[in-house]
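Everything below concerns the one structure shown next.
Residue numbers (the working numbering), protein chains in the order written: chain A, 2 to 266; chain B, 77 to 160.
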């Protein structure tokens with residue numbers, strides 16, 4: 002059943018900023034989807050040749066193999082510190098970190114807070130799937146109250162283990178942050194909004210306006226013990242009420258950029 | 077002839093089925109065979125030529141399995157130029 006494609010035009014193809022490597026992510030894991038959105042944003046802004054990715058520790062530890070840009074690997078949680086050095090020594094480069102919640106919100110909380118306080122000109126893609134995926138689904142700082150994980154088998158008890166950490170809200174109050182938003186990828190409309198936010202975040206860095214952080218609610222079908230389709234529904238039903246989507250900080254200088262990405266969508 | 081079509085990189089597919097849930101024409105179905113990596117890949121079954129090339133499947137795919145094609149609209153280039 003081969004169709005003659007000569008009369009057709011391509012309306013969607015693999016972005017240039019992704020390599021041809023097969024990813025190691027589980028079936029239905031939205032890490033791959035978020036990688037693709039970052040790659041599309043890099044392609045559309047034409048910055049692939051001068052972008053540096055900083056990979057985290059966690060499921061996305063091999064991100065430098067998947068992005069067709071220069072990349073390096075930071076110690077657990079230290080991606081913003083490493084990115085600071087890269088950006089300060091090479092201010093013409095576009096530096097972004099791609100971090101999970103076990104990386105950015107646990108061991109790396111200090112790094113991201115101080116990077117924001119210093120107003121480092123970085124882009125941070127923060128992927129929140131409410132558990133430590135790579136090590137087998139243990140409780141993370143972002144785990145919801147009552148959520149069962151391998152290290153909270155009776156559900157997370159906030160009196161014992163604390164409440165889930167809302168990173169976007171936390172970073173948004175810091176003066177050096179220019180653009181802090183929370184998005185989700187549980188349906189097509191939200192995927193498109195996430196893409197626009199990621200593109201805006203890169204533009205904020207290109208304009209030198211300060212730290213830009215996009216928190217993306219992501220699924221973890223394997224450790225949530227759900228099918229990929231159920232996992233996306235669970236993001237919408239359980240995670241979005243705890244982690245409300247929205248723009249937490251859009252500095253005055255960033256507002257024209259958000260209008261530009263919205264118009265281009 | 078269908079308005080659009082998709083080309084599926086069968087061995088890249090991990091069979092997560094997310095594309096099948098967003099296809100408005102319900103023409104993406106899971107195969108009854110396994111690909112080289114042991115997953116059941118998605119297939120396009122479109123004998124009636126229903127695909128419009130809307131790209132929703134590609135937008136939801138976590139593994140960039142799908143390349144989407146669409147027939148050029150008559151006068152499409154001119155219209156695009158006006159829009160730009």
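Note that beta-carbon positions come from the ideal geometry of N, C-alpha and C, so glycine has one too.
Using a C-beta to C-beta distance shorter than 9 Å, which residues of chain B count as neighbours of residue i?
{"i": "residue 11 of chain A", "result": "143, 144, 145 and 146"}
{"i": "residue 33 of chain A", "result": "90, 137, 138, 139 and 140"}
Tell me which same chain residues have a C-beta within less than 8 Å of the C-beta of residue i, skipping the five on either side of it?
{"i": "residue 206 of chain A", "result": "95, 96, 97, 122, 123, 124 and 213"}
{"i": "residue 204 of chain A", "result": "46, 258, 261 and 262"}
{"i": "residue 64 of chain A", "result": "36, 54, 56, 57, 72 and 99"}
Pick helix, strand or coil for residue i, following the three-state DSSP scheme.
{"i": "residue 219 of chain A", "result": "coil"}
{"i": "residue 31 of chain A", "result": "coil"}
{"i": "residue 183 of chain A", "result": "strand"}
{"i": "residue 69 of chain A", "result": "coil"}
{"i": "residue 97 of chain A", "result": "strand"}
{"i": "residue 268 of chain A", "result": "As shown, chain A starts at 2 and ends at 266. That puts residue 268 of chain A outside it, with no answer to give."}
What residues in its chain sit with their C-beta under 6 Å from that of residue i, if we drop five residues either side in the sequence?
{"i": "residue 33 of chain A", "result": "24 and 26"}
{"i": "residue 96 of chain B", "result": "104"}
{"i": "residue 106 of chain A", "result": "142, 143, 166 and 168"}
{"i": "residue 75 of chain A", "result": "55 and 83"}
{"i": "residue 152 of chain A", "result": "139 and 140"}
Once you ignore the five residues that flank residue i on each side, which residues in its own chain have a CB closer than 7 Å to its CB?
{"i": "residue 51 of chain A", "result": "93, 94 and 95"}
{"i": "residue 149 of chain A", "result": "156"}
{"i": "residue 92 of chain B", "result": "138"}
{"i": "residue 246 of chain A", "result": "183, 184 and 185"}
Taking the CB atoms as reference points, tell me whether residue i and residue j lie closer together than 7 Å.
{"i": "residue 131 of chain B", "j": "residue 144 of chain B", "result": "yes"}
{"i": "residue 201 of chain A", "j": "residue 184 of chain A", "result": "no"}
{"i": "residue 233 of chain A", "j": "residue 129 of chain A", "result": "no"}
{"i": "residue 136 of chain B", "j": "residue 105 of chain B", "result": "no"}
{"i": "residue 79 of chain B", "j": "residue 147 of chain B", "result": "yes"}
{"i": "residue 172 of chain A", "j": "residue 39 of chain A", "result": "no"}
Strictly below 8 Å CB to CB, what residues from chain B border residue i?
{"i": "residue 15 of chain A", "result": "140 and 143"}
{"i": "residue 29 of chain A", "result": "90, 92, 93, 94 and 138"}
{"i": "residue 65 of chain A", "result": "Chain B residues near residue 65 of chain A: none, gap ~17 Å exceeds 8 Å."}
Please list, in chain order, the chain A residues whose beta carbon lies closer than 8 Å to that of residue i.
{"i": "residue 134 of chain B", "result": "13"}
Which residues of chain B have a Cβ atom closer than 7 Å to the Cβ of residue i, listed in chain order?
{"i": "residue 230 of chain A", "result": "93, 94 and 97"}
{"i": "residue 37 of chain A", "result": "140"}
{"i": "residue 23 of chain A", "result": "88"}
{"i": "residue 19 of chain A", "result": "140"}
With burial defined as no fewer than 16 other Cβ atoms inside 10 Å of the residue's Cβ, what is the status of residue i: buried or exposed?
{"i": "residue 82 of chain A", "result": "buried"}
{"i": "residue 139 of chain B", "result": "buried"}
{"i": "residue 104 of chain A", "result": "buried"}
{"i": "residue 85 of chain A", "result": "buried"}
{"i": "residue 87 of chain B", "result": "exposed"}
{"i": "residue 160 of chain A", "result": "exposed"}
{"i": "residue 226 of chain A", "result": "exposed"}
What in chain A is Cβ-close to residue i, meaning under 7 Å?
{"i": "residue 129 of chain B", "result": "12"}
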